[in-house]
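Undergrad: Sharing a structure, written as C-alpha cells. Questions coming.
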C-alpha cells in the first residue's frame, strides 16, 4: 500500500467505508456504514480520527442522512435530515473541520430540487478530493521551509489516516523526505491513544521512510541533544490569531522547542481555521474517559482505584508557532493579519 | 498493606526477597534470591528499580556473594568475591547508589577476620534502616517547603518500592498529605515503563491518598491551567553542582515548570550525590532496548518495522531546581557550595 492509495475514508457501493483505526497496526479492518447515526458513532468512538478525516467522513455522513430522509419523505427531506445533522455535529467537539464540512454540505441544500443523493455525493467527493489536493500543496509549501539534512519530530498522526489522504504535517514530512531534505524522522508515540506508535509509524514504514519512535516525555532530552531542527504537527482548530488546538502534548513540544531553539510548524488546511474565535481560550477542549489512560489494548495498566485526567487536546499560543502552513499559503508568523491575508491571495 | 510495612526489598530466611515490580499492579509476586548473580540480573531486568532500592538490594547482594565465596574458600573469600562485586556494579550504569552501597560494604572487609556473613548482613541491614530513616527525615524537610492547599505533580515511582521504604519524593508527598498541606496529587504515568500508573498509583491507593494520573505529555497543559504548585521528583545521580539525572521526562517537567512559575523539588538521600562528577554532562545515561517502547505487557503496540530511542534517564540542570532535599538538609538552590555544606552541618 502506498500513500497515494491509502485512504482512511472511502465511498464505495453506496456506503461509507472506514479503516478501523482503533485496531491498527495489529489488524487492518474496514467497517462499512449505511446510516448517519453509525457515522456519528464511528467518529465519536474514534474508528476515524484526525480533523480533516473527520470532516470528509461527516460530508459522506450527510449523503447517508439525505438518502434516509429522502426515502422517508421526498418532500420534506430537508427537515427530516436535521436530527442526523445534529448527531454528526455533536460527535466530537474540538475539531472544527467537522462543522466546516457540514456547513459546506448544507449550503447546497437550497439548490437541490430532486433526489439529493447524487448532488450531495458529488459535493462530498469534491470535499474529499480538495482535501487531498490541499495536502499535496501544503506538502510542497512546508517542505520548502525545511533546511537540507533536516531532523524532524512529529506528534500524533497527521497522515493519510488523519486526512482525506497524504497528510498535513506528515504530508510535509513525506514531501521533504522525497526531496532528500529530511535525514531523520522522530515520532512521539503519543499517549494515551498511541497514534504515533500505531498509525504514524505504520504509514511511514509502508512508505519506506525510516522512523524512530520515542516516549513523549523524551522529546525534551532529544532537543537538548541538538537532534531536532523542526517540530511539525497538525491542528484540530486554529483561531483567528493563530492559536492552535491540537493533540494533547503539542503545547508541551511548542514550549520545549522554543526553549531549545527548535523551529515549530503547524500544517493544516484552511478548513481548520475558525475565524469566529478570537483566541484559543475560547476553544472547547474535549476530555475523554479515564479508561483511555488507565487501560491499554483492553488490559488495565494502572492500579485499580487511580483516577485519570484525559484531555484530548491542548492549545498552543500563536507566539510559539514559527510557521502555519495552509493550502492557501504560509503564515510566518501566524497572527490575525496573516491569517486574514490567506483569503486575499 | 501500609507504607510502613511495604518493602520492595527484604532479607528473610537467609535469602533476599524482592517484589517483582515488572508484574505490579496486576500481580503481587515475591522472588527469592540466593546468589549475587541472580541479584545482579534482578537489578538489570528491573525486578527491583529506583536508585535507593537498588543500593539496598546491592548491599544484600554482597552478603550473598560473601556467603558463596566464604563457603568456597574461607581463607580467600575477599579475592573470590570480586567477580560477584563486579557483576553487581555493572548491573545498571546510571544510579550511583549502587556503587555507593558496594563501597560501603567493601569498606568493612578489612575488619572482618572470620565468617563475613553476620558482619556484612548487619551492615546491609543498617544501610537499609538508614535509608528508611533518611526518607522519613526528607519527608519532613520536603513537606515543610510546601504551602497550604498545595497541588503536586510527581513523575515515575519514588515510594516504598523505589527505596528501602517510605520513599523520597513520594515520602514528601505522603508526609505533606498527612499534614493536610496537599489537596491534590497528580502523577505522570511515566512511559515507557509506566512506573507512575503501575507503581505510584498502587502505593498511593493503598495509603488512601487520592491520585490522578495523566499522560506525560499532558503535564504542560495542566501547568498552564495553573493546577500545579510543586513538581516533586527523585534522583538517580546528582553531581557536585546539583545537576540531576532522573527518570526520562524529568528534564521536560523542569523546563515546563520554570516556564509556568511552578516550583521544582528534587528529593534524594546523600548517597545519590556523586561529588566525583562536576556536572551532569559527565553522567552516563543508560539506554535500554527499543522493545520497551515498541511493546507493552507482551503485546506489540507499535507498527512492525519502526525503530525506537529509549533513554532511561535525562539530566536536569541545577538552575532549574528550586530545592534539593536530602536527609542532611535542604539545598535551595542546589550548587557546589550548598552541596558541600551538607557534610558540614
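Protein chains in written order, with the working numbering: chain S, 1 to 345; chain Z, 346 to 690.
The C-beta atom is built at its ideal place from N, Cα and C for all residues, glycine as well.
Note that the structure is a prediction, hence the values are computed from the model and not measured.
Is it true that the CB of residue 353 (chain Z) sits closer than 8 Å to the CB of residue 403 (chain Z)?
TA: For this step, residue 403 (chain Z) is matched to residue 58 along the second chain. For this step, residue 353 (chain Z) is matched to residue 8 along the second chain. No, they are not a contact pair.
Undergrad: DSSP on residue 47 (chain S), reduced to helix/strand/coil?
TA: Within the first chain, the letter at position 47 stands for residue 47 (chain S). Residue state, collapsed to three classes: coil.
Undergrad: Is residue 540 (chain Z) closer than 8 Å to residue 501 (chain Z) when the C-beta atoms are compared?
TA: On the second chain, residue 501 (chain Z) is found 156 positions in, with the first residue counted as 1. On the second chain, residue 540 (chain Z) is found 195 positions in, with the first residue counted as 1. It is a contact, given that the beta carbons lie within the stated cut-off.
Undergrad: Would a C-beta distance cut-off of 8 Å place residue 378 (chain Z) and residue 351 (chain Z) closer than the cut-off?
TA: Counting from one through the second chain, the residue named residue 378 (chain Z) turns up at place 33. Counting from one through the second chain, the residue named residue 351 (chain Z) turns up at place 6. Using a Cβ distance threshold of 8 Å, residue 378 (chain Z) and residue 351 (chain Z) do not count as a contacting pair.
Undergrad: Grouping DSSP H, G and I as helix and E and B as strand, with all else coil, what is residue 325 (chain S)?
TA: The sequence position of residue 325 (chain S) within the first chain is 325, counting from 1. Residue 325 (chain S) falls in the strand class under three-state DSSP.
Undergrad: Smallest Cα separation from residue 166 (chain S): which of S:13, S:50, S:286?
TA: Start at 1 with the first residue of the first chain, and residue 166 (chain S) comes out as number 166. The shortest C-alpha separation from residue 166 (chain S) is found at S:50.
Undergrad: Tell me residue 372 (chain Z)'s beta-bridge partners as DSSP assigns them.
TA: Position 27 of the second chain holds residue 372 (chain Z). Residue 372 (chain Z) is not bridged to any residue.
Undergrad: For residue 392 (chain Z) versus residue 366 (chain Z), is the C-beta distance shorter than 8 Å?
TA: Walking along the second chain from the start, residue 392 (chain Z) turns up at place 47. Walking along the second chain from the start, residue 366 (chain Z) turns up at place 21. Yes. Within cutoff.
Undergrad: Residues of chain Z with CB under 7 Å from residue 202 (chain S), in chain order?
TA: Within the first chain, residue 202 (chain S) is the residue found at index 202, counting from 1. Near residue 202 (chain S) (Cβ distances below 7 Å), the residues of chain Z are 648.
Undergrad: Between the stretch 603-616 of chain Z and the stretch 420-434 of chain Z, do at least 3 Cβ pairs fall closer than 8 Å?
TA: Segment contact: the stretch 603-616 of chain Z against the stretch 420-434 of chain Z, fewer than three CB-CB distances shorter than 8 Å; contact not assigned.
Undergrad: With DSSP collapsed to three states, give me the class of residue 186 (chain S).
TA: Walking along the first chain from the start, residue 186 (chain S) turns up at place 186. The three-state reading of DSSP puts residue 186 (chain S) in strand, counting E and B together.
Undergrad: I need the DSSP call for residue 158 (chain S), collapsed to helix, strand or coil.
TA: The residue labelled residue 158 (chain S) in the question sits at position 158 within the first chain. The answer is coil: DSSP assigns residue 158 (chain S) none of H, G, I, E or B.
Undergrad: If you measure from the beta carbon of residue 373 (chain Z) to each beta carbon in chain S, is any gap under 8 Å?
TA: Working through the second chain from its first residue, we reach residue 373 (chain Z) at position 28. False, the Cβ-Cβ gap to chain S never drops below 8 Å.
Undergrad: Identify whether residue 346 (chain Z) lies in helix, strand or coil by the three-state DSSP scheme.
TA: Here residue 346 (chain Z) refers to the residue found at position 1 when the second chain is read from its first residue. Below a pLDDT of 50, predicted positions are generally treated as unreliable, and residue 346 (chain Z), at 44, falls in that range; the measurement from the model is reported next regardless. Here residue 346 (chain Z) sits in coil by DSSP.
Undergrad: Just reading off the beta strand (DSSP E) that residue 170 (chain S) is part of, what are its end residues?
TA: Numbered from its first residue, the first chain carries residue 170 (chain S) at position 170. Element bounds for residue 170 (chain S): not the beta strand (DSSP E) but the alpha helix (DSSP H), 169-178.
Undergrad: Any residues in the stretch 213-225 of chain S with a beta carbon nearer than 8 Å to a beta carbon of chain Z? Which ones, in chain order?
TA: 213, 214, 215, 216, 217, 218, 219, 220, 221, 222, 224
Undergrad: Give the single residue among Z:566, Z:574, Z:419, Z:486 whose Cα lies nearest to the Cα of residue 529 (chain Z).
TA: The residue you call residue 529 (chain Z) lines up with position 184 of the second chain. Checked all of Z:566, Z:574, Z:419, Z:486; the closest Cα to residue 529 (chain Z) is Z:574.
Undergrad: Could you check if residue 522 (chain Z) is buried or exposed, using at least 16 other CB atoms within 10 Å of its CB as the buried criterion?
TA: Walking along the second chain from the start, residue 522 (chain Z) turns up at place 177. Buried, because 16 or more other Cβ atoms sit within 10 Å of the Cβ of residue 522 (chain Z).
Undergrad: Looking at the unbroken beta strand (DSSP E) that takes in residue 590 (chain Z), where does it start and where does it end?
TA: Counting from one through the second chain, the residue named residue 590 (chain Z) turns up at place 245. Counting along the chain, the beta strand (DSSP E) containing residue 590 (chain Z) begins and ends at 589-592.
Undergrad: Less than 8 Å between C-beta atoms, sequence neighbours within five positions excluded: which residues of the same chain meet that for residue 365 (chain S)?
TA: Beyond the ends of chain S as shown, which are 1 and 345, falls residue 365 (chain S); an answer cannot be given.
Undergrad: Rounded C-beta distance between residue 644 (chain Z) and residue 211 (chain S)? I'm assuming under 8 Å.
TA: On the second chain, residue 644 (chain Z) is found 299 positions in, with the first residue counted as 1. On the first chain, residue 211 (chain S) is found 211 positions in, with the first residue counted as 1. Their Cβ separation, rounded to whole angstroms, is 20 Å, which puts residue 644 (chain Z) and residue 211 (chain S) out of contact at 8 Å.
Undergrad: If the criterion is Cβ atoms closer than 8 Å, does the pair residue 41 (chain S) and residue 61 (chain S) meet it?
TA: The sequence position of residue 41 (chain S) within the first chain is 41, counting from 1. The sequence position of residue 61 (chain S) within the first chain is 61, counting from 1. Cβ distance not < 8 Å, so residue 41 (chain S) and residue 61 (chain S) don't count as in contact.
Undergrad: For residue 514 (chain Z) versus residue 302 (chain S), is the C-beta spacing smaller than 8 Å?
TA: For the purposes of this step, residue 514 (chain Z) is taken as the residue at position 169 of the second chain. For the purposes of this step, residue 302 (chain S) is taken as the residue at position 302 of the first chain. Not a contact, by the Cβ cut-off of 8 Å.
Undergrad: May I have the straight-line CA-CA distance separating residue 449 (chain Z) from residue 372 (chain Z), to the nearest angstrom?
TA: Residue 449 (chain Z) sits at position 104 when you count from the first residue of the second chain. Residue 372 (chain Z) sits at position 27 when you count from the first residue of the second chain. If I take the Cα positions, the gap works out to 34 Å.
Undergrad: Pick from S:281, S:84, S:53, S:91: whose alpha carbon is nearest that of residue 106 (chain S)?
TA: Here residue 106 (chain S) corresponds to residue number 106 of the first chain, with the count starting at 1. Taking only the C-alpha atoms, the option nearest residue 106 (chain S) is S:84.
Undergrad: Please report the Cβ distance between residue 186 (chain S) and residue 153 (chain S), rounded to the nearest whole angstrom; I am assuming they are in contact, meaning their Cβ atoms lie under 8 Å.
TA: Within the first chain, numbered from 1, the residue matching residue 186 (chain S) stands at position 186. Within the first chain, numbered from 1, the residue matching residue 153 (chain S) stands at position 153. Rounded, the Cβ-Cβ distance is 4 Å, consistent with contact.
Undergrad: Quick one: list the residues of chain S neighbouring residue 652 (chain Z), beta-carbon separation under 8 Å, in chain order.
TA: In the second chain, residue 652 (chain Z) corresponds to position 307, counting from 1. Residues of chain S passing the Cβ test: 210, 211, 212, 213.
Undergrad: Where residue 537 (chain Z) and residue 549 (chain Z) are concerned, what is the direct C-alpha to C-alpha distance, given to the nearest angstrom?
TA: Here the question's residue 537 (chain Z) lines up with position 192 in the second chain. Here the question's residue 549 (chain Z) lines up with position 204 in the second chain. Their backbone Cα atoms lie some 20 Å apart in a straight line.
Undergrad: Counting contacts by CB-CB distance shorter than 8 Å, is residue 293 (chain S) in contact with chain Z?
TA: Reading the first chain from its first residue, position 293 is the one you call residue 293 (chain S). Yes, its Cβ sits closer than 8 Å to a Cβ of chain Z.
Undergrad: Any beta carbon from chain Z within less than 8 Å of residue 256 (chain S)'s own beta carbon?
TA: Here the question's residue 256 (chain S) lines up with position 256 in the first chain. At least one C-beta of chain Z is nearer than 8 Å to the C-beta of residue 256 (chain S).
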